[in-house]
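The numbering of the sequence shown is numbering that gives the first Met the number 0, which starts it at 0 and goes up by one.
Think of the CB as a built atom: it goes at the ideal place given N, C-alpha and C, for glycine as much as any other residue.
Small disclaimer: the values here were computed from a predicted structure and weren't measured.
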Amino acid sequence: MLVAVREAGEACRQDMGFSGTIVVSQLRTIANDLLRARGVPRDEARRLVRRAAAGHR
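Now the structure itself:
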């Protein structure tokens, strides 16, 4: 799931337009929710998603 966020972040940096930015935002929210459902603490989930969107592994 974080791979998808990472790739979506890369696509967003390629200037995919407003609609694409909305999709990326939704994907980040979903990834955060899935991490939380797996028991990852809120702050850690946010950090992981934020780092993935920035292109970090």
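Buried or exposed (CB count within 10 angstroms, at least 16 for buried), residue i
i: V90; result: One cannot answer for residue 90 here, as it falls past the ends of the chain, which runs 0 to 56.
i: V2; result: exposed
i: R46; result: exposed
Distance CB(residue i)-CB(residue j) smaller than 8 Å
i: R35; j: R27; result: no
i: A44; j: G8; result: no
Short CB-CB distance (under 8 Å) between residue i and chain D
i: E9; result: In the structure shown, chain D does not exist; there is a single protein chain.
Contact belief for residue i with residue j at Cβ below 8 Å, rounded distance in angstroms
i: G16; j: A10; result: 10 Å between Cβ atoms; not a contact.
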